[in-house]
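The block underneath contains the structure these notes are about, expressed in structure tokens.
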Amino acid sequence: NENCRFGGGKKMIGSLNGVVLERTTESTVLLEVSGLGYLVHVTPRTLGELEPTSKAFLYVHHHVREDAQTLYGFLDRDERKCFEVLIATHGVGPTMAMAILATHSPRALVDIVAGSDLAALTLVSGVGKKTAERLLIELKNRLHLNILESVTNLGGSSTVGDVRDALAGLGYSAEEIRDVLREMSVTNDSELMLREALNLLGARRA
């Protein structure tokens, strides 16, 4: 396992590489690493990828409180990064953050926030309209801090916003626009992205 040192000389777990011993319906997995069993909380989507007796590598967020230490595991860095941005947001604890990631992938969440998709956020268990409205505001303010390393250009959402507005002006529905943007690579070239989006949308309607 890979440990990262934090302040005070304490060792914090940054990743785990071992064998899956068992998984539970509560979305936790028991991962054995060098003879030690680590109980790690994961999303249902991740849980489905972790077959008992199989080898697994997880990026880990080691959450420490006065009364408990909890491990949250993710299949890639982007998901862990997104989790950490969420729990740093006012009113969002690890449980809600995991519920959000269980409903929406990191890429989808960035798109939802960029598009102020309130309805999509309220699909998350425990997130009502008021909470969703607050999350949209707070997370938008955090997008420029690079929620996801792989989609840095969504920071100000200008490129994506330009493409979204152009597609809406051409008569495409919010659902069509949201779905096609999730499939695309984000660049700084609005014209190139718009052309790609139109090609994808045209193929779907053909």
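This note's numbering puts the last residue of the sequence shown at 456; the count rises by one with no breaks.
C-beta atoms are modelled at their ideal positions from N, C-alpha and C, and glycine is treated no differently.
Check	Outcome
DSSP three-state label for Arg428, please.	helix
Rounded to a whole number of angstroms, what is the C-alpha to C-alpha distance between Lys379 and Thr278?	29 Å
Measure the C-alpha to C-alpha separation of Leu308 and Gly421 and round it to an integer number of angstroms.	42 Å
Rank Val292, Arg327, Leu417, Asp326 by C-alpha distance to the C-alpha of Leu444 and give the top, closest one.	Leu417
Could you check what DSSP says for Leu393 in three-state terms: helix, strand or coil?	Here the model assigns Leu393 a pLDDT of 49, short of 50, so the residue's position is not dependable, and the following value carries that caveat. Three-state result, Leu393: helix.
Among Val410, Val292, Leu431, which one has its Cα closest to the Cα of Glu329?	Val292
With DSSP run on the structure shown, which of helix, strand or coil describes Ala382?	helix
Do Leu271 and Gly287 have their beta-carbon atoms positioned less than 8 Å apart in this structure?	yes
Would you call the CB atoms of Glu282 and Val290 closer than 8 Å?	no
Tell me whether the beta-carbon of Pro344 lies closer than 8 Å to the beta-carbon of Ile350.	no
Would you mind working out which of Asp439, Glu441, Asp429, Ser440 sits nearest Leu450, comparing C-alpha positions?	Asp429
If I measure Cβ to Cβ from Asp361 and keep anything under 7 Å in the same chain, skipping five residues before and after, which residues do I get?	Arg428, Leu431, Arg432
Out of Glu441, Asp326, Gln319, which has the shortest C-alpha to C-alpha gap to Arg295?	Asp326
Could you tell me whether the Cβ atoms of Leu300 and His312 are closer together than 8 Å?	no
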